[in-house]
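Here the protein sequences line up with chains W and P, keeping their order.
When the first sequence is numbered by the working numbering, its final residue is 574 and no position is left out of the sequence of numbers.
When the second sequence is numbered by the working numbering, its final residue is 1148 and no position is left out of the sequence of numbers.
Ideal Cβ placement from N, Cα and C applies to all residues, glycine included.
Number of protein chains: 2
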Amino acid sequence: MVARTSIKPNWIEAAPEKGSYRSIFKWGDPNGHKHPKAKLLRLLKETFRLTDDHFRVPVSDGNHPVTFSRPCRVITPEHVSAICRIVGDANVSADDYDRLKFATGKTLEESLRLRQGQVQAVSDLVVHPRHKDDVRQLVAYCDREKIPVYVYGGGSSVNFGLRPSKGGITLVMGTHMNKVVRLNETNQTATVQAGIMGPDYEAALNEASQRYQTRHRYTGGHFPQSFEYSSVGGWVVTLGSGQMSSYYGDACDLVISQEYVTPVGDLKTLDFPATANGPSVDRVMIGSEGCFGVLVEVTLKIFRYMPENRRYFSFIFPSWEKAVDAGREIAQGQFGMPAVFRLSDEEETHIGLKLYGIDGSLLDRYMRLRGFAPMQRCLMIASAEGEKRFAGNIRRSVRRICRQAGGMSLTGYPTRQWAPGRFKDPYLREDLNDYGILIETLDTAVTWDRIHQLHRGVREVVKSRPDTLCMTHASHFYAQGTNLYFIFITRAENIDDLIAFQEKILYAFQQFGGSPTHHHGIGKLFSPWMQPHLGDAQMDLLKAIKRHFDPNTIMNPGGQLGLDLNGRHWREVV
Amino acid sequence: MVARTSIKPNWIEAAPEKGSYRSIFKWGDPNGHKHPKAKLLRLLKETFRLTDDHFRVPVSDGNHPVTFSRPCRVITPEHVSAICRIVGDANVSADDYDRLKFATGKTLEESLRLRQGQVQAVSDLVVHPRHKDDVRQLVAYCDREKIPVYVYGGGSSVNFGLRPSKGGITLVMGTHMNKVVRLNETNQTATVQAGIMGPDYEAALNEASQRYQTRHRYTGGHFPQSFEYSSVGGWVVTLGSGQMSSYYGDACDLVISQEYVTPVGDLKTLDFPATANGPSVDRVMIGSEGCFGVLVEVTLKIFRYMPENRRYFSFIFPSWEKAVDAGREIAQGQFGMPAVFRLSDEEETHIGLKLYGIDGSLLDRYMRLRGFAPMQRCLMIASAEGEKRFAGNIRRSVRRICRQAGGMSLTGYPTRQWAPGRFKDPYLREDLNDYGILIETLDTAVTWDRIHQLHRGVREVVKSRPDTLCMTHASHFYAQGTNLYFIFITRAENIDDLIAFQEKILYAFQQFGGSPTHHHGIGKLFSPWMQPHLGDAQMDLLKAIKRHFDPNTIMNPGGQLGLDLNGRHWREVV
């Protein structure tokens, strides 16, 4: 048993050194951090049998200068000159730090490798287009010269989506192409350049009445955990979902029209909310992950911003089965959907109650007394938005359903505890990794009739690994199913060990009826699962579309969506 | 002025002669009819300056035997034998009546031609597949032999969607492939064969608790005006919308997964309500109108059937502008959407109040007193469904918004008057056509910021034709826009005159910012507008997908969706 009064670990709080690997892989604000709470730390110490001493000296923190030697693979000096002529010298960089920074997403694997100075694929040149016409000229030029084109939005990809497997150029969309183009209050739409970041977009909408003299204030309704460091264009091309998507819809539901620059020319869709004009070109482009073209502009639905109507509520259930029953009944109840809607399994509830400061409290004792036992009880946190009575009726209906399923109200307290930190959790990773503890997440979509087999099956795989925590929650609800978001905390011998473990989980998703991902996109990491999951007929269609837009395979080549590998593994393309 | 006491016209009530043209073009039940009410008739007499005498002897009623000589264009006796071997002799017909019947949809043009015995394109052979495997073998055989394949669902196409322009075979889906395959209550989905008809599908769901021992009763939520004579597969492949789609979603929103038989093999999508696995193959196939393959099975969202919670309400507004303002505010109000939601313009309101028996009533006098003047006032009829308080809150919110926009409640009375006859209106056409009066409808999607320019612009075109009534309503609402459904009643010299008039209206849709159609599909009739509307880039993508699935152009060739005409007009392909 570890002593209760233990010293505070030596968490790193200083901003990463300028030019260091750490400055690349660290999440978010260089000065931002979120240390594990004492109770979580104690659990980790117990799980991994670590002493205070373990937390004194960080292991390979990556706080050393980026330095590597990687010659250009495709780009020649003539190419550089031509590209400089298009966008101007100031918007082109061949600097190694930039080449690495804009080649790096937020997978655990990338972070672990960079801590050790292991550099994988980088692009030859980083380019910051100023406007649509720059993108147009760049794509046309690269197509003529067969130069691979990768796109960097917010950089929060967790699937190697922006990995420049074949060198070439990386377009950084956020540097210049980050403006609100138009807010159309009549149609309740906003048109933005693809590189605008989530918070800038949301701020523009929240403050619309001042900035654009609109009658109402607005919200975009899209809040992925990566919100602060993700781009609107990224949401669209990777099929993102946000923490309130059960109410507002996933990114695919928010898109009204789009403008892409492709190797075969511009493609612009129209602003109609619905028509019967044949197959949906919009839904071909949404989720295309840079394989068909570069998204330059997008028009999205917006919603009235009415935070004053928000309602918080939460419930505790005696078991996962009861909690799932309630979750499904709510999703099928036809009274509208909660906005935040999360259902944690036994283990996540156990850890969550510690994190929210409820474990050990009076409330905890009351719960135990009422029979909600640790490692059996399951927590639901939720909120409702929209018109006032509509939101109120959701709370009321949820309460009725939860009680019928044996749940007990915990008031809005746990949701309120969760809400302020909801974009901060990714900061935890650096602290844990600094001391050799690995945390990673994988998500999978599932229909209601398979949720228990999938949950059990995947947990079995995760828990078969010694000393591994496995927290699971459902966070996006539909009448037909949900997603399961698995978070595991473990230690690993080495990176290969971690990769092998991830593959086992992905195999279990497939085996027990899940999808490769619900809202993380495919990128390159999940690309081997596209074919077994979708089958030949769907893959052949996607490949035919790829050939149409990108006959020279310059758009995000090297495995993205599994479209261009012809039998090789994406990791072989280096 | 026509006398008020006029004799009853000699409406045809007898079922069409067996084997007659009339038995093909007449809407619905052979014994079904819906005669124009006296007030409508009086309006028509006034408009077209017709006397009672005009309504004594019907003009070319088509009640004569189908007889034509049209040799097979593609099919040889060897083909017939081979096809008989696949599906059995009983499921193959080369009979002229069948060839015409299953080549005919419900456009006004087809009806007028058949009255005169004018036969246009027919297929060579009518085939009734028994199951998926029949379809599989038929499509494979036809692909090898380059035989065109057309698909007949419910036969309610209003765009020549099932016109066998190039001969070949017509598959009739409803004869055998009309079953509910599976009802999954846990996932709230129903899987059906594509040929099942609307009422059979809805009845199976409404009676699910008896038929399938489910806990709840269900509804499909899809009620196009053609409901009684349309197939579920047709809803999906033509992107249909129903009269309650503002709440339940358009057909595209209802689809969870699909199974198609295509010339390059079977394509089956998966049952997940949402994933992030790249472009949506489902949304490529929905709306493909038989050009990529034959839909054989589809899994749809279903909803709890709670008619006891239904609320009816209606409002009258002093002007179209005020009515539209209220409609938009409701669609953007974030309290859920009404199910039925129709907003009639001045002229449709004028005629509608006659049809609903309100014109001239006490209520009418009260409305006039309150300043709601004829040919200015506009009627909204609506209902709400779903959970009880949810539906109640929609009624309450709508009332608040309508009052703020200057509207006055007419209680649920007009909606209740409208509801029972809502699938019967198509019967009107036969009566009117029997006396040379033409009625036709065209629909177009529009964003809120263009609704008035489109409404005014199209009305101007329609009203520039002498003695023409033009009724318009919005019937499918989105936060970003709606549709405008134009109904015109006119007389025409001949069919070419009518066609030219339709083309003028379609041109006006394009000119004033509408789409070629909101929920009638493209078929062949609207195909000339695909290119100007969508532009080259979108059309090129659709054509590339067509080439992928149908390299020999056997699937619904001759103009469908504008994919295979290479510069010719679809009418030239005969």
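Local Cβ density within 10 Å of residue i, reported as buried at 16 or more and exposed below that
i       : result
P/M575  : In this prediction, P/M575 has a pLDDT of 42, which is less than 50 and means its spatial position is unreliable; nothing more can be read from the coordinates.
P/G772  : buried
P/R902  : buried
P/G1141 : exposed
P/Y940  : exposed
W/M471  : buried
W/V59   : exposed
W/E493  : exposed
Neighbourhood of residue i by C-beta distance below 7 Å, restricted to the same chain and skipping five residues each side
i      : result
W/C84  : V92
W/K543 : L563
P/Y595 : G636, H638, V640, L688, R689 and G691
W/A315 : Looking at the sequence itself, residue 315 of chain W is Phe, so the reference to Ala does not match. Once the five neighbours on either side are set aside, the close Cβ partners of W/F315 are M380, C402, G407, M408, S409 and L410.
W/A15  : P30 and N31
P/Q906 : A1053
Contact set between residue i and chain W, taken where Cβ atoms lie within less than 8 Å
i       : result
P/Y1052 : P273 and A274
P/G861  : A276, N277, G278, P279 and S280
P/M1104 : N277 and G278
Proximity to residue i [Cα-Cα], best of the options
i       : options                              : result
P/A848  : W/Q258, W/P65, W/S397 and W/Q480     : W/Q480
P/N605  : P/K592, P/A612 and P/K1117           : P/K592
W/L300  : W/P307, W/P263, W/R310 and W/G221    : W/G221
W/S209  : W/M306, W/A544 and W/F372            : W/M306
P/F909  : W/D96, W/F372, W/G436 and W/F390     : W/F390
W/D443  : W/E460, W/H519 and W/T415            : W/H519
W/Y218  : W/A203, W/Q225 and W/K26             : W/A203
W/G265  : W/V127, W/Q137 and W/A492            : W/Q137
P/L682  : P/A714, P/H1047, P/G1109 and P/L1002 : P/L1002
W/H548  : W/G293, W/W235 and W/I499            : W/G293
W/K524  : W/D124, W/L561, W/I24 and W/P77      : W/L561
P/K1120 : P/E863, P/S1089, P/G1088 and P/G735  : P/E863
P/M949  : P/I968, P/R1065, P/G960 and P/K928   : P/K928
P/R647  : P/D669, P/A695 and P/G602            : P/A695
W/E346  : W/K268, W/R368, W/F227 and W/C378    : W/C378
Residue i: contacting residues in chain P (beta-carbon distance under 8 Å)
i      : result
W/H533 : L844 and N851
W/R571 : Simply none; closest approach about 20 Å.
Interface residues of chain P facing residue i [CB-CB closer than 9 Å]
i      : result
W/G333 : R878, G960, E961 and F964
W/G161 : Here the premise fails: no neighbours, minimum Cβ distance about 11 Å.
W/Q453 : None at all; the shortest Cβ gap to chain P is about 12 Å.
Listed by chain order, chain W residues near residue i by CB distance under 7 Å
i       : result
P/N1130 : Those within 7 Å of P/N1130 in chain W number zero; the least Cβ separation is about 12 Å.
P/W1022 : T186 and N187
Close Cβ partners of residue i (< 8 Å) along its chain, the five nearest in sequence each way excluded
i      : result
W/G371 : P318
P/L614 : I925, K928 and L929
Residues near residue i by beta carbon distance below 6 Å, same chain, minus five either side
i       : result
W/V296  : K132, V135, A194, E259 and V261
P/Q991  : Y930
W/A382  : F313, P338, V340 and F341
W/D325  : A405
W/D550  : P263
P/G1132 : S739, K740 and V1147
P/S819  : H1050
W/L254  : L300 and K301
W/V158  : K106, T107 and H520
Chain-ordered neighbours of residue i on chain P, where CB pairs are closer than 7 Å
i      : result
W/H35  : Those within 7 Å of W/H35 in chain P number zero; the least Cβ separation is about 31 Å.
W/S397 : E961
W/P516 : N851
W/N393 : R963, F964 and N967
Nearest-angstrom Cβ-Cβ length linking residue i and residue j, presumed shorter than 8 Å
i       : j       : result
W/G167  : W/G153  : At roughly 20 Å, the Cβ-Cβ gap does not stay under 8 Å, so W/G167 and W/G153 are not in contact.
W/P532  : W/H569  : About 14 Å; that fails the 8 Å criterion.
W/P224  : W/G249  : In fact, because the Cβ distance is near 13 Å, the residues do not count as touching under 8 Å.
P/Q1027 : P/F1086 : 5 Å
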